[in-house]
Amino acid sequence: ILIFPIQVSFGQNQTDSQIKEWSSIGASLMQEGKYFDAIEYFDKILEVEPTDSIALGNKGAALTQLNKYEEALLIYDKALQIDPTNINILNNKAATLFDLGKIDESLQTLDTILEIEPNNVNVLILKGKVLSETKRYSEAFSIFKKALELDPTNEDAKKQSYFAINHIRLIPITNSKYLGHVVLQLRNSQGTLVSVFVSDALGYLPHEITDAPNAKLLNITKGEIKFDKVLFHYENNKPLFDNLNITIHP
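Straight run, no breaks: the sequence shown in the numbering used here ends on number 272.
This is the structure in C-alpha cells:
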C-alpha cells in the first residue's frame with residue numbers, strides 16, 4: 023500500500039510573532055497526531071490573516087490525516103491560489119487526490135512539482151510508486167531510471183526499479199497489447215537457406231510511445247530491412263560473419 027508522506031510547514035516565513043507562535047504550536051501538534059487541536063491553532067491564524075498560505079496548507083494537511091479529503095482539497099486549492107509553487111501543499115494535494123482514487127489528477131499535481139523542481143528525486147520516486155501502484159510498470163520504470171540518474175545510490179529508487187522491471191517482464195504474450203511472433207531466416211551469399219529461427223512464445227514489453235486517440239493504422243505498401251555482404255569478427259579472431267546477406271520483408 024502506497025502511503026504519501028504528509029508535509030507540515032513551520033512558521034519560519036511568518037513575520038507576526040503571535041501568528042508564528044500559533045503556527046509552530048499547530049505544526050508540533052500535527053507531529054504528535056493531535057490533528058483536531060492543531061486545526062484550532064491554524065483557525066486562530068486564519069481569523070487574523072485569512073490569506074496565510076502556511077496556515078491554510080497545514081490545516082489541509084490535518085484534514086487529510088483525518089480522512090476529510092474533500093474539505094482538504096478545498097483548503098489546498100485556496101492556499102495554492104495564494105502560493106501556487108508551495109511544494110508541501112502540492113505534495114499534500116497529490117496525496118489527498120491519490121487517497122480519493124483520483125490517480126490522474128494526483129499524477130498531474132506531482133508533475134506540477136516536477137515543473138518547479140525537475141530534479142526532485144523524492145517526488146520522482148513518489149510518482150513512480152503511484153504508477154506502479156496502478157500497474158503502469160513501464161512508465162514507472164522510466165521514472166525510477168531518471169531518479170537513479172540523479173541519485174545513483176538511492177536505495178528506494180533501486181528497489182522500486184527492480185520491482186517495476188520484474189513486473190514488466192512477467193507480462194505474458196496473451197496479455198500483451200502487441201501480439202506477434204518473430205521469424206528470422208539466415209541465408210548465405212548464394213541465397214541458400216542456412217537456418218530459420220521462429221519464436222511464437224515471447225512476452226512483449228509494453229511500448230512507452232502509444233497511439234494517439236483515434237489514430238489511423240499506417241498503410242505500409244513497401245519497405246524492407248536488408249543486410250548486404252556483412253563481415254563481422256572480433257579482433258584477431260576468425261570472422262563470425264563473412265559476406266552475410268539477410269533481407270527482412272514487412
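Quick reminder that beta carbons are idealized off the backbone N, C-alpha and C, glycines included. Treat the numbers as computed from the prediction; the structure is a model and nothing was measured.
According to the DSSP secondary-structure assignment, Phe254 is paired through a beta bridge with Phe263.
Ser183 counts as buried, since at least 16 other C-beta atoms from the protein chains shown sit within 10 angstroms of its C-beta. Leu119 and Thr86 have their C-alpha atoms spaced approximately 10 Å apart. The shortest CA-to-CA distance from Ile41 to any of Gly55, Ile76 and Gln53 is the one to Ile76. Of the candidates Leu129, Leu170 and Thr134, Leu129 places its Cα closest to the Cα of Arg158.
Here the alpha carbons of Asn241 and Phe249 stand approximately 24 Å from one another. In terms of Cα proximity to Gly245, the closest of Lys260, Pro235, Ser160 and His271 is His271.
Under the criterion of beta carbons closer than 8 Å, Ala169 and Ile187 do not qualify as touching, at roughly 14 Å.
Using a 10 angstroms sphere on the CB of Tyr256, the tally of other CB atoms stays under 16, which defines it as exposed.
Ser39 sits exposed, since fewer than 16 C-beta atoms from the chains shown fall within 10 Å of its C-beta.
Scanning its chain for C-beta atoms nearer than 7 Å, with the 5 sequence neighbours on each side dropped, one finds around Glu93 the residues Leu85, in chain order.
Rounded to the nearest angstrom, the gap between the Cα atoms of Lys181 and Asp65 is 41 Å. Contact annotation: Ser45 and Ile67 have beta-carbon atoms nearer than 9 Å. Around the beta carbon of Phe58, fewer than 16 other beta carbons lie within 10 angstroms, which makes this residue exposed. For Thr269, the secondary structure class from DSSP, reduced to helix, strand or coil, is strand. For the set Leu122, Leu88 and Ala83, the Cα lying nearest the Cα of Leu112 is the one of Ala83. For Lys248, the secondary structure class from DSSP, reduced to helix, strand or coil, is strand.
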